[in-house]
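Participant: Numbering (my numbering), first residue to last: 28 to 300.
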Amino acid sequence: MGRSDADPSKWDCPPHTKAKHDMLASYLNGWFPILASWNGRVLYFDGFAGRGRYTDGSEGSPLVALRHLVEHRAFSQMRHREFVFYLVEANKDNAASLDREIAALKAEKAPWPDNVKPIVINEKFDVQATAMIERLREQKRRMAPTFAFVDPFGYSGLPMDLLAELLNYGRSEVFVNFMVGHVQRFIERVGQERAMRDLFGLSVEEVLDGYDGTGDRIAHLKTVYERQLQKKAGFPYVRIQLGVAVWGNHGPVVNSCLSTSRASMPCLAAVDR
Ligand SMILES: C[S@@+](CC[C@H](N)C(=O)[O-])C[C@H]1O[C@@H](n2cnc3c(N)ncnc32)[C@H](O)[C@@H]1O
């Protein structure tokens with residue numbers, strides 16, 4: 028049987044995780060004040076929120092995001108805006124741990140600002156995102172400006188069609204941790220066809236089309252994923268941001284690749300400056 032997603036062995040904090048959190052923080056540094064300057068309500072949607080803290084004490088993505096907001100040098104100018112944090116976590120233990128970590132952060136920062144509303148939702152990303160989109164559709168409303176952070180352990184549970192819909196639905200920006208190392212290892216394994224189709228919105232044959240069998244397959248997979256996000260979401264600004272190589276037990280492995288995309292907001296420019 029596989030290890031539970033709450034197993035402590037899955038919650039050490041290797042360098043690529045720290046790099047991911049640094050990138051997230053630097054995006055949010057630019058994103059919060061820009062969005063808050065022209066919108067009443069802003070959403071942060073963490074689709075694979077985790078347990079809030081790693082075994083070495085490092086904070087997980089929801090706490091990185093919340094702390095960055097309440098400690099932001101311009102936070103006092105954002106007090107009239109509402110920041111809603113939807114923190115979606117499928118594993119019950121992890122969701123409970125995240126709740127506790129948020130309570131501790133609120134106590135540390137008491138009195139907690141009442142315009143910052145973290146909400147932990149014990150649900151799967153695709154179920155929750157689909158429900159949100161359907162509700163908006165029924166109400167004929169557009170989504171508030173949203174920053175979505177999508178960070179699974181592997182490559183399942185983040186269907187391309189859903190990401191594209193999320194991007195298309197409003198003024199959203201998506202930061203995906205695309206686990207290209209895992210994809211490269213498993214793409215041709217029997218039984219992974221469905222997961223790959225969901226991930227890319229293409230069959231395995233279509234994904235590998237154009238790959239000559241000798242070049243860098245990771246580079247090829249990144250390009251196809253990037254192209255699909257661009258094509259399906261219809262935005263020109265998708266780009267692969269960073270490939271992180273880490274040392275595994277058997278030598279260097281490319282473990283993850285962070286990709287990001289944006290709609291019409293100047294956040295990337297803000298971060299790049
Ligand atoms: C890589 S960890 C997230 C780490 C977190 N984003 C952070 O940076 O601290 C992936 C998390 O997704 C959860 N998970 C697994 N499948 C999921 C799904 N379909 N929907 C939502 N969460 C899921 C796991 O329990 C785990 O906590």
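Idealized CB from N, CA, C, for every residue including glycine. Bear in mind that the values here come from a model prediction, so they are computed numbers and not experimental data.
Closest to valine 207 by C-alpha separation, out of Ser199, Arg198 and Leu226, would be which residue?
Facilitator: In the sequence shown, residue 207 corresponds to position 180, counting from 1. Taking only the C-alpha atoms, the option nearest valine 207 is Leu226.
Participant: For tyrosine 343, list the residues DSSP reports as bridge partners.
Facilitator: An answer regarding residue 343 cannot be provided, because it is not within the stretch 28 to 300 covered by the chain.
Participant: Let me know the secondary structure DSSP gives proline 35 once reduced to three states.
Facilitator: The count along the sequence shown starts at 1 and reaches residue 35 at position 8. Secondary structure at proline 35: helix, using DSSP grouped into helix, strand and coil.
Participant: Can you name the start and end residues of the alpha helix (DSSP H) that methionine 159 belongs to?
Facilitator: Numbered from 1 along the sequence shown, position 132 holds the residue referred to as residue 159. First-last of the alpha helix (DSSP H) with methionine 159: 152 to 165.
Participant: At what residue ranges does the segment 47 to 120 contain a whole run of the alpha helix (DSSP H), taking only runs of 4 or more?
Facilitator: As far as the segment 47 to 120 is concerned, its whole alpha helix (DSSP H) runs of at least 4 residues are 88 to 97.
Participant: Among residues of its own chain, excluding the 5 on either side of aspartate 126, which ones have a beta-carbon nearer than 6 Å to its beta-carbon?
Facilitator: Within the sequence shown, residue 126 is the residue found at index 99, counting from 1. Same-chain partners within the cutoff: Val147.
Participant: How many Å lie between arginine 94 and glutamate 128 at the Cα?
Facilitator: For the purposes of this step, residue 94 is taken as residue 67 along the sequence shown, with counting starting at 1. For the purposes of this step, residue 128 is taken as residue 101 along the sequence shown, with counting starting at 1. Going by the C-alpha atoms only, they are around 12 Å apart.
Participant: Drop a sphere of 10 angstroms on the beta-carbon of proline 186, count the other beta-carbons inside from all chains shown, and report buried for 16 or more, exposed for fewer.
Facilitator: On the sequence shown, residue 186 is found 159 positions in, with the first residue counted as 1. Buried: at least 16 other Cβ atoms inside 10 Å.
Participant: Alpha carbon to alpha carbon, how far is histidine 247 from alanine 46?
Facilitator: Numbered from 1 along the sequence shown, position 220 holds the residue referred to as residue 247. Numbered from 1 along the sequence shown, position 19 holds the residue referred to as residue 46. Histidine 247 and alanine 46: Cα-Cα distance of roughly 23 Å.
Participant: Is it the case that the segment 189 to 205 contacts the segment 102 to 110, given that we only count it when at least three CB pairs across the two stretches are under 8 Å?
Facilitator: no
Participant: To the nearest angstrom, how far is it from the Cα of histidine 48 to the Cα of glutamine 219?
Facilitator: On the sequence shown, position 21 is the one that residue 48 refers to. On the sequence shown, position 192 is the one that residue 219 refers to. Using only the alpha carbons, I get a separation of about 29 Å.
Participant: Starting from lysine 144, follow its DSSP beta bridges and name the residues at the other end.
Facilitator: Here residue 144 refers to the residue found at position 117 when the sequence shown is read from its first residue. Answer is Val111, bridged to lysine 144.
Participant: Using a Cβ-Cβ cut-off of 7 Å (strictly less than) and excluding sequence neighbours within five positions of arginine 244, which residues of its own chain qualify?
Facilitator: For this step, residue 244 is matched to residue 217 along the sequence shown. The residues are Gln211 and Tyr238.
Participant: Run through DSSP, which three-state label would alanine 137 get?
Facilitator: Along the sequence shown, read from residue 1 onward, the residue named residue 137 stands at position 110. DSSP places alanine 137 in coil when its eight states are reduced to three.
Participant: If you follow the alpha helix (DSSP H) that aspartate 225 is part of, which residue opens it and which one closes it?
Facilitator: Taking the first residue of the sequence shown as position 1, residue 225 is located at position 198. Run containing aspartate 225: 220 to 227, per the alpha helix (DSSP H) assignment.
Participant: How long is the line joining the alpha carbons of valine 69 and threonine 241, rounded to whole angstroms?
Facilitator: The sequence position of residue 69 within the sequence shown is 42, counting from 1. The sequence position of residue 241 within the sequence shown is 214, counting from 1. Cα to Cα, valine 69 sits roughly 46 Å from threonine 241.
Participant: Could you say if the segment 157 to 175 and the segment 127 to 146 meet the contact criterion of at least three C-beta pairs nearer than 8 Å?
Facilitator: no
Participant: Skipping 5 residues on each side, what residues in its chain have a beta carbon closer than 7 Å to that of asparagine 121?
Facilitator: Residue 121 sits at position 94 when you count from the first residue of the sequence shown. Asp32, Ala33, Gly77 and Arg78.
Participant: Which residues bound the alpha helix (DSSP H) around tyrosine 196?
Facilitator: The sequence position of residue 196 within the sequence shown is 169, counting from 1. Tyrosine 196 -> alpha helix (DSSP H) spans 187 to 196.
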